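Note that the sequence shown covers residues 0 to 330 in numbering that gives the first Met the number 0. Cβ coordinates follow ideal geometry from the N, Cα and C atoms, glycine included. Please read all numbers here as calculations on a predicted model, not as lab measurements. Some notes on the structure that comes next.
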Amino acid sequence: MRVLLLSDTHGELGIVNRLVAAEGADCVIHAGDFGFYEDESLSRLSQREIWLIIKHSHLPQRKVRRILELDPRARVKAVEKHGLLGGFQRYLDGKDSFDVPVYAVWGNHDDGHLVERLVRGRMAVANLHLLYPERASRVGGALVYGLGGNFIPGRKMLDQPIAGHGGKIWSTLSEFSELVRTADSEGRSSGPRIFVSHVSPRVEPFVEYIGIRTGADYTVSGHMAPPACDIWTASELGSLEEAERRAARGIQAVRKALRAAKGLYTYRDGLRLDAITVKATGSNSGEASQPRWYERLTHINLPDADVGYALMDIDSDGTRLRSRAMGSSAN
Numbered sequence: 000m001r002v003l004l005l006s007d008t009h010g011e012l013g014i015v016n017r018l019v020a021a022e023g024a025d026c027v028i029h030a031g032d033f034g035f036y037e038d039e040s041l042s043r044l045s046q047r048e049i050w051l052i053i054k055h056s057h058l059p060q061r062k063v064r065r066i067l068e069l070d071p072r073a074r075v076k077a078v079e080k081h082g083l084l085g086g087f088q089r090y091l092d093g094k095d096s097f098d099v100p101v102y103a104v105w106g107n108h109d110d111g112h113l114v115e116r117l118v119r120g121r122m123a124v125a126n127l128h129l130l131y132p133e134r135a136s137r138v139g140g141a142l143v144y145g146l147g148g149n150f151i152p153g154r155k156m157l158d159q160p161i162a163g164h165g166g167k168i169w170s171t172l173s174e175f176s177e178l179v180r181t182a183d184s185e186g187r188s189s190g191p192r193i194f195v196s197h198v199s200p201r202v203e204p205f206v207e208y209i210g211i212r213t214g215a216d217y218t219v220s221g222h223m224a225p226p227a228c229d230i231w232t233a234s235e236l237g238s239l240e241e242a243e244r245r246a247a248r249g250i251q252a253v254r255k256a257l258r259a260a261k262g263l264y265t266y267r268d269g270l271r272l273d274a275i276t277v278k279a280t281g282s283n284s285g286e287a288s289q290p291r292w293y294e295r296l297t298h299i300n301l302p303d304a305d306v307g308y309a310l311m312d313i314d315s316d317g318t319r320l321r322s323r324a325m326g327s328s329a330n
């Protein structure tokens, strides 16, 4: 099975089928900023989000500067005129479709109102499967699970899912807790475990910790827009002690948020902190002194889709990973 790893399409969704055809992929894993907008999303987006959509659009920079100088109502009309929300509406309408199954998390720049309806099954797109805390997917021999949105240590983590407004979405502590329970309930199998997060563990140690805690073999993320695929293991970054301290910093950031909210937050949705606050380190029985996650948990941070992507081949002989830059051969 060949899996196309992709991120940050920002509504330019034709690239999905093009790369699937070019690489002979059997399915796609997408790490967020998908372009989850519909026509009505424009009325729900903040002026700041509209400004960002224009700023980072495909339009020539001279035209971008002219549009940004307009008043807010004129900027909204320009987004409509130039189709800057992307092409997801065509998939909702059934005019376009994905050629293979696509497993995706949302990003921090997506319409949360639309995402919630997709998650709750109030609307659907053929061959599109959203990854969310209560649901893991079996993809060939792999277990794929994930959580989208931004990671903002602090009181926003205590919001209710799906948290955000105006075109911004962030992850919550209850979502992470549910994600851990879901991963635990799946048990182990011979295939790889793939944790998909929009935010990279390179910049947020708590995301790396969740990968460790759930026994992931791979994390797949986007968001940072590196110039090429960034692939690493904890052992390549430093000593085991440094890796342990990094994971501990992630946990401490979350605990600090809880302490700050003491007396101000009512625990809802059966939130169980013990589902995530467990020791991250320790060797697996029968293995060498180094814990498995330190040497083998591989992190894949993807660039924007028009810059590059990665391929993961999974078969009975194991898993092989390659990265590609647009217009070049495999790295």
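Take the Cβ of residue i as the centre, count every other Cβ of all protein chains shown within 10 Å, and call the residue buried at 16 or more, exposed below.
i, result
"Gly82", "exposed"
"Leu67", "exposed"
"Ala77", "buried"
"His164", "exposed"
"Ser282", "Low confidence applies here, because Ser282 scores a pLDDT of 45, under 50, leaving its location unreliable; read the following figure in that light. That one is exposed."
"Arg61", "exposed"
"Ser56", "buried"
"Gly120", "exposed"
"Pro226", "exposed"
"Gly93", "exposed"
"Arg258", "exposed"
Is the Cβ-Cβ distance between residue i and residue j less than 8 Å?
i, j, result
"Leu3", "Ala24", "yes"
"Lys167", "Glu48", "yes"
"Pro290", "Arg245", "no"
"Pro191", "Ile313", "yes"
"Gly147", "Gly106", "yes"
"Leu113", "Phe175", "no"
"Val118", "Tyr131", "yes"
"Leu5", "Leu301", "yes"
"Thr171", "Asp158", "yes"
"Tyr208", "Leu18", "no"
"Val195", "Val104", "yes"
"Tyr102", "Val63", "no"
"Ile230", "Ser173", "no"
"Thr297", "Thr232", "yes"
"Asp7", "Ala224", "yes"
"Ile151", "Cys228", "no"
Whole angstroms are fine: how far does the CA of residue j sit from the CA of residue i?
i, j, result
"Gly315", "Asp216", "Looking at the sequence shown, residue 315 is not Gly but Ser. The alpha-carbon atoms of Ser315 and Asp216 are separated by roughly 16 Å."
"Gly214", "Arg72", "49 Å"
"Gly285", "Trp292", "With a pLDDT of only 47 at Gly285, under 50, the local geometry of the prediction cannot be trusted, and the value read off the model is given with reservation. Approximately 14 Å between the Cα atoms of the pair."
"Leu178", "Phe33", "21 Å"
"Asn126", "His222", "23 Å"
"Leu129", "Tyr90", "14 Å"
"Ser199", "Val219", "8 Å"
"Gly317", "Gly140", "10 Å"
"Gly13", "Ala304", "11 Å"
"Ser42", "Arg134", "30 Å"
"Val202", "Asp95", "35 Å"
"Leu310", "Lys255", "38 Å"
"Gln88", "Ile53", "18 Å"
"Phe97", "Leu239", "42 Å"
"Gln46", "Asp110", "14 Å"
"Asp70", "Gln251", "44 Å"
"Arg65", "Gly186", "55 Å"
"Glu39", "Gly237", "48 Å"
"Gly85", "Glu37", "9 Å"
So the beta strand (DSSP E) residue i belongs to, where does it begin and stop?
i, result
"Glu322", "According to the sequence provided, residue 322 is Ser. The question's Glu does not apply to it. Ser322 -> beta strand (DSSP E) spans 317-324."
"Thr50", "Before going on, a small fix: residue 50 reads as Trp here, not Thr. From DSSP, Trp50 is part of no beta strand (DSSP E) but of the alpha helix (DSSP H) over 46-54."
"Gly309", "The displayed chain sequence assigns Ala, not Gly, to residue 309. Run containing Ala309: 307-314, per the beta strand (DSSP E) assignment."
"Ser136", "136-138"
"Val219", "217-220"
"His164", "Run containing His164: none; DSSP gives neither H nor E here."
"Cys26", "26-29"
"Asp229", "229-232"
Once DSSP output is grouped into helix, strand and coil, what is the label at residue i?
i, result
"Gly36", "Position check: residue 36 holds Tyr in this sequence, whereas Gly was assumed. Residue state, collapsed to three classes: coil."
"Val337", "There is simply no residue 337 to check, as the chain begins at 0 and stops at 330 in what is shown."
"Asn149", "strand"
"Arg192", "strand"
"Arg1", "strand"
"Asn300", "strand"
"Val78", "helix"
"Leu69", "coil"
"Val198", "coil"
"Leu12", "coil"
Just to confirm the assignment, what range does the alpha helix (DSSP H) spanning residue i have?
i, result
"Thr181", "172-185"
"Tyr131", "No alpha helix (DSSP H) holds Tyr131; DSSP gives it neither H nor E."
"Trp169", "Trp169 -> no alpha helix (DSSP H), and no H or E assigned at all."
"His112", "111-118"
"Ile211", "204-212"
"Gln88", "87-91"
Could you tell me if the beta carbon of residue i falls within a distance shorter than 7 Å of some heavy atom in the ligand ADP?
i, result
"Ala324", "The ligand ADP is not part of the structure shown, which contains no ligands of any sort."
At a Cβ threshold of 8 Å, is residue i touching chain D?
i, result
"Leu69", "Structure shown: chain D not included; a single protein chain is present."
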